[in-house]
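The next block holds one structure in the form of structure tokens; read it before the comments.
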Amino acid sequence: MKFTPAQHVELHGFNNLTKSLSFNMYDICYTKSREEREAYIEYIDEQYNAERLTKILTHVADIIGAHVLNVAQQDYVPQGASVTILVSEGPVVEVPEESFDESPGPLPDNVVLQLDKSHITVHTYPEFHPDEGISTFRADIDVSTCGEISPLKALNYLIHSFDTDIMTIDYKVRGFTRDKEGNKLFIDHDISSIQNYIPENVKNLFDMVDVNVYQENIYHTKCKLREFDLNNYLFGYTKDSLTTEEAQEITERLQAEMEEIFSGMTLHSGTIFEDEEEQE
1 MKFTPAQHVE LHGFNNLTKS LSFNMYDICY TKSREEREAY IEYIDEQYNA
51 ERLTKILTHV ADIIGAHVLN VAQQDYVPQG ASVTILVSEG PVVEVPEESF
101 DESPGPLPDN VVLQLDKSHI TVHTYPEFHP DEGISTFRAD IDVSTCGEIS
151 PLKALNYLIH SFDTDIMTID YKVRGFTRDK EGNKLFIDHD ISSIQNYIPE
201 NVKNLFDMVD VNVYQENIYH TKCKLREFDL NNYLFGYTKD SLTTEEAQEI
251 TERLQAEMEE IFSGMTLHSG TIFEDEEEQE
């Protein structure tokens with residue numbers, strides 16, 4: 001059954017579909033000393049502490065029209081933070097037609113939509129290579145809603161809320177609702193790609209790959225920045241202070257790190273298993 005923005009399906013009771021967006025962003029940085037690494041982690045913890053993350057998620061709640069019921073936030077030692085917001089139906093239940101469009105959401109705007117039994121969470125993960133050199137910051141955001149709107153409408157705002165080199169985005173629809181005749185509906189809106197919810201000016205900055213399982217209502221998009229400027233990955237100094245050889249080595253390490261994260265595979269040759277076989 002196909003759905004279009006002009007076609008509203010009359011349901012039997014509340015819309016029971018659960019729509020979940022998982023947005024993972026990665027920020028990569030080269031830190032050549034322990035002092036630089038600690039300074040980078042301190043900077044990240046300050047930029048993305050629990051208080052600021054709460055503000056970001058509160059704006060997400062505004063975008064999807066949620067009423068905030070409860071907020072739990074926590075900063076961790078030595079680094080990282082978490083925020084969980086429990087939300088429910090907003091005060092206005094009229095659903096604008098554009099909520100069904102495959103198009104980017106607001107940044108943010110006064111969009112109030114019907115939803116209930118929903119939550120928004122974020123967890124941050126500062127991480128570094130044990131031999132120094134590469135530091136990585138990851139933030140995982142989950143937006144789960146019940147009701148008419150897809151949480152993908154919050155994606156545009158989330159992308160603009162973080163400095164990101166790589167993004168991994170998942171969207172799935174679970175459960176079912178029923179129309180007035182009692183027929184099960186396992187999705188209530190058309191979707192061909194998560195990319196259709198990302199503005200063109202943002203898509204132009206990234207290489208993107210889709211892995212979708214349409215029959216299961218599972219959608220997955222990976223994004224990696226196209227342009228590489230070494231100055232954007234050095235913490236506290238610029239590439240002018242490096243020799244040509246140093247700049248080349250750092251560039252290769254950073255690009256290898258980004259490619260591994262983007263592909264989800266370790267790319268270096270040789271593994272511990274090969275070493276173990278040699279020992280045997």
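The numbering of the sequence shown is this note's numbering, which starts it at 1 and goes up by one. Even for Gly, the Cβ is constructed at its ideal location relative to N, Cα and C.
{"Check": "Contact check, leucine 234 vs tyrosine 30 under 8 Å by CB: the rounded distance?", "Outcome": "6 Å"}
{"Check": "Between the alpha carbons of aspartate 210 and isoleucine 169, how many angstroms are there, rounded?", "Outcome": "10 Å"}
{"Check": "Spatial neighbours of arginine 253 within its chain, please: C-beta separation below 8 Å, excluding the five flanking residues on both sides.", "Outcome": "Tyr30, Gly133 and Ile134"}
{"Check": "Spatial neighbours of glutamine 195 within its chain, please: C-beta separation below 8 Å, excluding the five flanking residues on both sides.", "Outcome": "Lys203, Met208, Asp210 and Thr221"}
{"Check": "Using the C-alpha atoms, what's the distance from threonine 243 back to tyrosine 197?", "Outcome": "42 Å"}
{"Check": "Does glutamine 79 come out as helix, strand or coil in the three-state DSSP assignment?", "Outcome": "coil"}
{"Check": "Is it the case that the segment 53-60 contacts the segment 78-89, given that we only count it when at least three CB pairs across the two stretches are under 8 Å?", "Outcome": "yes"}
{"Check": "For leucine 237, which of helix, strand or coil comes out of DSSP?", "Outcome": "First, the residue type needs correcting, since residue 237 is tyrosine and not leucine in the sequence shown. Here tyrosine 237 sits in coil by DSSP."}
{"Check": "I think alanine 139 touches tyrosine 43, with their Cβ atoms under 8 Å apart; what is that distance to the nearest whole Å?", "Outcome": "Not really, about 14 Å apart at Cβ, beyond 8 Å."}
{"Check": "Please work out which residues of its chain come closer than 6 Å, Cβ to Cβ, to methionine 281, disregarding the five sequence neighbours upstream and downstream, and give them in chain order.", "Outcome": "Nothing about residue 281 can be read from this structure; the chain reaches only from 1 to 280."}
{"Check": "Check this for me: beta carbons of leucine 17 and valine 173, under 8 Å apart or not?", "Outcome": "yes"}
{"Check": "Looking at the unbroken beta strand (DSSP E) that takes in tyrosine 285, where does it start and where does it end?", "Outcome": "As shown, the chain starts at 1 and ends at 280. That puts residue 285 outside it, with no answer to give."}
{"Check": "If we ignore side chains and look at the alpha-carbon of each, how far apart do isoleucine 218 and tyrosine 237 end up?", "Outcome": "43 Å"}
{"Check": "Is valine 211 helix, strand or coil when you go by DSSP?", "Outcome": "coil"}
{"Check": "Using alpha carbons as the reference points, say which of Phe186, Glu127, Asn212 and Met258 lies closest to glutamate 227.", "Outcome": "Met258"}
{"Check": "Helix, strand or coil for glutamate 94? Go by DSSP, reduced to three states.", "Outcome": "The predicted model places glutamate 94 with a pLDDT of 45, which falls under 50 and marks its position as unreliable; any figure quoted below should be read in that light. Looking at glutamate 94 - three-state DSSP - the assignment turns out to be coil, as it is neither helix nor strand."}
{"Check": "Just reading off the alpha helix (DSSP H) that leucine 230 is part of, what are its end residues?", "Outcome": "Premise fails: leucine 230 is in no alpha helix (DSSP H) and is neither H nor E."}
{"Check": "Can the beta-carbon of isoleucine 64 be found closer than 8 Å to that of threonine 145?", "Outcome": "yes"}
{"Check": "Helix, strand or coil, according to DSSP, for asparagine 16 in the structure here?", "Outcome": "coil"}
{"Check": "For valine 77 and isoleucine 120, which I take to be in contact (beta-carbon distance under 8 Å), what is that distance rounded to the nearest angstrom?", "Outcome": "Actually they are not in contact, since the Cβ atoms of valine 77 and isoleucine 120 sit about 24 Å apart, beyond 8 Å."}
{"Check": "Helix, strand or coil: how does DSSP classify isoleucine 285 here?", "Outcome": "As displayed, the chain neither begins before 1 nor continues past 280, which places residue 285 out of reach and without an answer."}
{"Check": "Taking C-beta to C-beta, are aspartate 165 and aspartate 27 nearer than 8 Å?", "Outcome": "yes"}
{"Check": "Between valine 122 and histidine 59, what straight-line distance do the alpha-carbon atoms span, to the nearest angstrom?", "Outcome": "13 Å"}
{"Check": "Between which two residues does the alpha helix (DSSP H) harbouring threonine 251 extend?", "Outcome": "244-263"}
{"Check": "Ignoring anything shorter than 3 residues, give me the beta strand (DSSP E) runs that lie fully in the segment 116-150, in order along the chain.", "Outcome": "133-147"}
{"Check": "For asparagine 201, list the residues DSSP reports as bridge partners.", "Outcome": "Paired residues: none, contrary to the question."}
{"Check": "To the nearest angstrom, report how far apart alanine 72 and proline 126 are at their CA atoms.", "Outcome": "20 Å"}
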